[in-house]
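Residue numbers (the UniProt record's numbering): 1 to 268. Cβ atoms here follow ideal geometry from the backbone N, Cα and C, with glycine treated the same way. A quick note: this is a predicted structure, and the numbers were derived from the prediction, not measured. These notes concern the structure reproduced below.
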């Protein structure tokens with residue numbers, strides 16, 4: 001059986017019709033989505049849209065950011081029924097999504113205030129994002145030909161996507177989840193904010209196979225990182241698998257996200 005998988009950071013998009021169109025045009029079976037934003041206390045609009053189109057949907061909230069009234073999450077969309085899911089939290093004292101108020105640590109700078117006089121400090125991006133809790137979402141999908149485990153995550157970011165201890169710790173957590181769980185065919189994908197040539201990806205490769213090592217850049221032409229000081233080799237979106245036959249991975253330039261759409265094909 002063939003599986004077509006999408007990895008995409010949607011970039012806090014407010015119009016998901018383009019995503020739904022891409023899912024249909026590319027005949028995507030399973031999609032892992034990062035930076036899903038929606039109003040605190042409400043359901044994501046993406047959930048209603050894709051469920052009305054016949055897909056199954058599960059999301060896991062990273063945190064609530066009250067200065068902007070936004071919850072940020074990861075999500076998994078599937079043509080096949082999602083029979084189980086679990087969420088693991090990282091960088092949260094009580095292992096729940098954090099509630100971030102304006103007075104907490106960095107205040108508005110954590111999501112970059114839109115004011116004209118906002119300060120930009122090269123080399124300090126990791127500090128700005130250190131407060132955020134992170135969700136690792138795992139689901140079991142019943143394909144009709146067997147169960148497949150899907151995992152998605154969005155790692156903390158640093159200046160110019162240099163590797164940090166937090167990235168490596170999240171990789172250790174995912175490594176443990178895969179290693180100490182019932183063995184199913186598995187796909188892991190996410191915006192890891194780090195290149196494949198890193199300790200964090202190497203740790204994941206102890207239990208999974210990386211299929212994005214040859215990608216050179218997964219950011220779109222419009223990504224703000226390319227405005228200036230853009231380093232070469234920012235392939236930060238990655239796809240891994242276990243106990244599946246991988247046949248291809250391709251990056252598509254799209255006009256509804258600052259990241260490229262990474263489409264992979266597998267056989268079960």
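What would DSSP say about residue 66, mapped onto helix, strand or coil?
DSSP places residue 66 in coil when its eight states are reduced to three.
Under 9 Å between the Cβ atoms of residue 49 and residue 22?
No; because the gap between Cβ atoms is not below 9 Å, this pair is not in contact.
Check the C-beta distance from residue 218 over to residue 243 and give it rounded, since I have them as a contact under 8 Å.
Not a contact, Cβ separation roughly 25 Å.
Can you grab the Cα-Cα spacing for the pair residue 234 / residue 161, in whole Å?
So the two alpha carbons sit approximately 8 Å from each other.
Compare the Cα-Cα distances from residue 59 to each of 146, 201 and 42 and report the closest residue.
Cα-wise, what sits closest to residue 59 is 42.
Determine, using beta carbons only, whether residue 321 and residue 186 come nearer to each other than 9 Å.
In the structure as shown, the chain starts at 1 and stops at 268, and residue 321 therefore has no counterpart that could be examined.
Quick one: grab the DSSP three-state call for residue 244.
In this structure, residue 244 counts as coil in the three-state DSSP scheme.
Which same chain residues end up closer than 7 Å to residue 275 when comparing Cβ atoms and leaving out the 5 residues on each side of it in sequence?
Residue 275 is absent from the model: the chain starts at 1 and stops at 268.
Starting from residue 28, trace the alpha helix (DSSP H) in both directions and tell me its first and last residue.
Per DSSP, residue 28 belongs to no alpha helix (DSSP H) and is neither H nor E.
Rounded to the nearest angstrom, what separates residue 67 and residue 94 at their Cα positions?
Their backbone Cα atoms lie some 22 Å apart in a straight line.
Looking at residue 4: is its Cβ nearer than 9 Å to the Cβ of residue 263?
Yes, these two residues count as a Cβ contact at 9 Å.
Terminal residues of the continuous alpha helix (DSSP H) containing residue 219?
Residue 219 -> no alpha helix (DSSP H), and no H or E assigned at all.
What separation, rounded to the nearest whole angstrom, lies between the Cα atoms of residue 107 and residue 71?
Low confidence applies here, because residue 107 scores a pLDDT of 49, under 50, leaving its location unreliable; read the following figure in that light. Looking at the two C-alpha atoms, the distance is approximately 15 Å.
Pull up the distance between the alpha-carbon of residue 84 and that of residue 147, whole angstroms please.
Spanning the two alpha carbons is a distance of roughly 10 Å.
Do residue 154 and residue 179 have their C-beta atoms within less than 9 Å of each other?
Not in contact: residue 154 and residue 179 (Cβ atoms no closer than 9 Å).
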